[in-house]
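A short worksheet on the structure shown next.
Chains as they are written, first to last, in this note's numbering: chain A, 1 to 113; chain B, 1001 to 1112.
What follows is the structure, encoded as structure tokens:
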């Protein structure tokens, strides 16, 4: 069964450093998403991406965040200058269409020290 | 503000019994709802979805009920098994966008 994959599974970085989280969505999906989950809290939407551009973003997704689909398979989330409060699980998701089920990857645990 | 919330943070259920997890939503413009299951250290796993033009949908051992009048969503799990122990989230998708707004989650503990 096709699945969303994410790398790395755990990333430790120092405050102020740049990180890139990588995702490979399901191959025939057209919509891509990033969510995050701070420990013990609910899953929060960050950004959605369709047709090579951001279709929607949340207040969390400020100028420090960016997304890219550098080739036909990868979807990346970059945080330019990490803060302590960026520590969270980051989930990538993809779907075939707007209101169809979003399939989530296993997540990348980002720890900012 | 608009939000999706859950009534019970933890639900303990005897193996073999049925489980009911509830969710309240406040955005009347939402037209698509999903239940996800999240096991420790894993990403949310799709369970079942329902669109606003339906009030009930059944899957394998799961049923989702949607009551638009009171903006209430529930997930029923029949014959709960130890593998059903997890945190369950409801999520909603408004008509104008494609982001999911998640509720706070209910932890289901299945007792043998």
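Each residue gets a CB set at the ideal place from its N, CA and C atoms; glycine is no exception. Only a predicted model underlies this, so the values are computations on that prediction, with no experimental measurement involved.
Simplified DSSP assignment, three categories, for residue i
i: residue 1031 of chain B; result: strand
i: residue 1005 of chain B; result: Annotation note: pLDDT 45 at residue 1005 of chain B (below 50); position unreliable, coordinate value reported separately. It is a strand residue.
i: residue 1073 of chain B; result: strand
i: residue 1094 of chain B; result: strand
i: residue 85 of chain A; result: helix
Nearest to residue i (by Cα), restricted to the options the options
i: residue 1074 of chain B; options: B:1014, B:1039, B:1050 and B:1017; result: B:1050
i: residue 1021 of chain B; options: B:1112, B:1104 and B:1111; result: B:1104
i: residue 1083 of chain B; options: B:1046, B:1048, B:1111 and B:1034; result: B:1111
i: residue 1078 of chain B; options: B:1010, B:1009, B:1011 and B:1015; result: B:1015
i: residue 1092 of chain B; options: B:1039, B:1042, B:1035 and B:1056; result: B:1035
i: residue 1027 of chain B; options: B:1089, B:1047, B:1052 and B:1040; result: B:1052
i: residue 1070 of chain B; options: B:1060, B:1018 and B:1024; result: B:1024
i: residue 49 of chain A; options: A:3, A:61 and A:16; result: A:61
i: residue 107 of chain A; options: B:1012, B:1086, B:1107 and B:1039; result: B:1039
i: residue 14 of chain A; options: A:101, A:90 and A:84; result: A:84
i: residue 68 of chain A; options: A:45, A:92 and A:82; result: A:92
i: residue 46 of chain A; options: B:1100, B:1109, B:1108 and B:1106; result: B:1100
i: residue 71 of chain A; options: A:2, A:51 and A:82; result: A:51
i: residue 1012 of chain B; options: B:1086, B:1090 and B:1072; result: B:1086
i: residue 1068 of chain B; options: B:1029, B:1018, B:1017 and B:1109; result: B:1029
i: residue 90 of chain A; options: A:34, A:73 and A:12; result: A:34
i: residue 1072 of chain B; options: B:1062, B:1056 and B:1060; result: B:1056
i: residue 1031 of chain B; options: B:1058, B:1054, B:1017 and B:1060; result: B:1054
i: residue 109 of chain A; options: B:1018, B:1090 and B:1042; result: B:1042
i: residue 65 of chain A; options: A:113, A:2 and A:36; result: A:36
i: residue 1109 of chain B; options: B:1062, B:1063, B:1089 and B:1081; result: B:1081
Residue interval of the beta strand (DSSP E) (run including residue i)
i: residue 95 of chain A; result: 88-95
i: residue 57 of chain A; result: 53-57
i: residue 1045 of chain B; result: 1045-1051
i: residue 20 of chain A; result: 19-24
i: residue 1011 of chain B; result: 1010-1014
i: residue 1021 of chain B; result: 1019-1025
i: residue 1067 of chain B; result: 1062-1067
i: residue 36 of chain A; result: 31-37
i: residue 77 of chain A; result: 75-79
i: residue 46 of chain A; result: 44-50
i: residue 4 of chain A; result: That residue, residue 4 of chain A, is in no beta strand (DSSP E); it is neither H nor E in DSSP.
i: residue 61 of chain A; result: Run containing residue 61 of chain A: none; DSSP gives neither H nor E here.
i: residue 1106 of chain B; result: 1106-1111
i: residue 1042 of chain B; result: Careful: residue 1042 of chain B lies outside any beta strand (DSSP E) and carries neither H nor E.
i: residue 1099 of chain B; result: Counting along the chain, residue 1099 of chain B falls outside any beta strand (DSSP E), and DSSP gives it neither H nor E.
i: residue 68 of chain A; result: 65-68
i: residue 11 of chain A; result: 10-13
i: residue 113 of chain A; result: Per DSSP, residue 113 of chain A belongs to no beta strand (DSSP E) and is neither H nor E.
is_contact[residue i, chain D] using C-beta, thresh 8 Å
i: residue 1044 of chain B; result: You won't find chain D in this structure, because its protein chains are A and B.
Supposed close pair residue i, residue j - CB separation, criterion 8 Å
i: residue 88 of chain A; j: residue 26 of chain A; result: The Cβ separation is near 23 Å, so there is no contact.
i: residue 43 of chain A; j: residue 1102 of chain B; result: 4 Å
i: residue 82 of chain A; j: residue 40 of chain A; result: Not really, about 20 Å apart at Cβ, beyond 8 Å.
i: residue 1009 of chain B; j: residue 1107 of chain B; result: 7 Å
i: residue 104 of chain A; j: residue 24 of chain A; result: Actually they are not in contact, since the Cβ atoms of residue 104 of chain A and residue 24 of chain A sit about 13 Å apart, beyond 8 Å.
i: residue 101 of chain A; j: residue 1046 of chain B; result: 5 Å
| task | Would you be able to state if there are at least three C-beta pairs under 8 Å between the region 61-80 of chain A and the region 18-31 of chain A? | result | yes
| Contact the region 88-99 of chain A vs the region 23-43 of chain A: 3+ CB pairs below 8 Å | yes
| How do the region 47-59 of chain A and the region 2-16 of chain A stand: do at least 3 beta-carbon pairs fall below 8 Å, yes or no? | no
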